[in-house]
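First residue of the sequence shown: 1461, per the numbering used here; consecutive thereafter.
Below: the structure, in structure tokens.
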Amino acid sequence: CASTYGTMKEKRRSFDMAHLTFMESCAEKYTQPNDVTYGVMFKAVGRLLNNSDEQDKYARTLFKLCCDDGYLGEMAFMRMKAAVSNVVYKELTGGKTYEELPEEWQRNVTKRQKKYDMRKNSAKKSNQLRP
């Protein structure tokens, strides 16, 4: 949904579908949102909503939920930053970088991306040693 291209009507329909799916996952016992889910929703807010006031409104609510749940991963943070105005970004984060934000907001984020980055860098180094 978040990568939909097309008319404003098509984008709105895709956003509504993403929002509904997100809300359903929040209500279900076995399917709670995680850092990736929040990242995708911030992407949908930034790409599919045409009105900046509406983007800021949804992003504020989503950011609060995300931080309360402890799922502010780097992807969600970057997508939130891209989706909102500078004023709202500073309002939500105090103008801080991801690393400067409270660990409480990130407490449930899995470290899979860091593991992936370490493996990728390790592979590069081993290839450099080969003739």
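Where is the CB? At the ideal position from N, CA and C, for every residue including glycine.
As the structure is a prediction and not an experimental result, all values here were calculated from the model.
Mind reading off the beta-carbon distance from residue i to residue j? Whole number of angstroms is fine, and I expect it under 8 Å.
i       : j       : result
Asp1476 : Gly1533 : So it is not a contact: roughly 25 Å between Cβ atoms.
Ala1519 : Val1505 : 5 Å
Thr1553 : Leu1561 : 6 Å
Does the beta-carbon of residue i have 16 or more other beta-carbons within 10 angstroms, so that it is buried, or is it exposed?
i       : result
Pro1493 : buried
Ala1478 : buried
Lys1604 : Beyond the ends of the chain as shown, which are 1461 and 1591, falls residue 1604; an answer cannot be given.
Cys1486 : exposed
Tyr1490 : exposed
Leu1480 : exposed
Ser1474 : buried
Val1547 : exposed
Pro1591 : In this predicted model, Pro1591 has a pLDDT of only 48, less than 50, meaning its place in the structure is not dependable; the value taken from the coordinates is given anyway. So Pro1591 counts as exposed.
Do residue j and residue i come within 8 Å of each other at the CB atom, strictly closer than that value?
i       : j       : result
Phe1502 : Ala1536 : yes
Arg1567 : Gly1530 : yes
Val1544 : Asp1513 : no
If we cut at 8 Å on Cβ distances, does residue i have a partner in chain D?
i       : result
Glu1534 : Included in the structure is just one protein chain, with no chain D present.
Whose C-alpha, out of the options, is nearest the C-alpha of residue i?
i       : options                            : result
Asp1539 : Tyr1531, Arg1567, Gly1530, Tyr1498 : Strictly speaking, residue 1539 in this sequence is Arg, with Asp absent from that position. The option with the nearest alpha carbon to Arg1539 is Tyr1498.
Gly1452 : Glu1484, Leu1509, Thr1491, Ser1485 : In the structure as shown, the chain starts at 1461 and stops at 1591, and residue 1452 therefore has no counterpart that could be examined.
Glu1551 : Glu1484, Glu1559, Phe1523, Arg1507 : Phe1523
Glu1564 : Glu1488, Thr1521, Leu1525, Glu1484 : Leu1525
Arg1507 : Glu1488, Tyr1549, Thr1521, Lys1541 : Lys1541
Fully enclosed by the region 1515 to 1585, which alpha helix (DSSP H) runs are 4 residues long or longer? 1534 to 1543, 1546 to 1553
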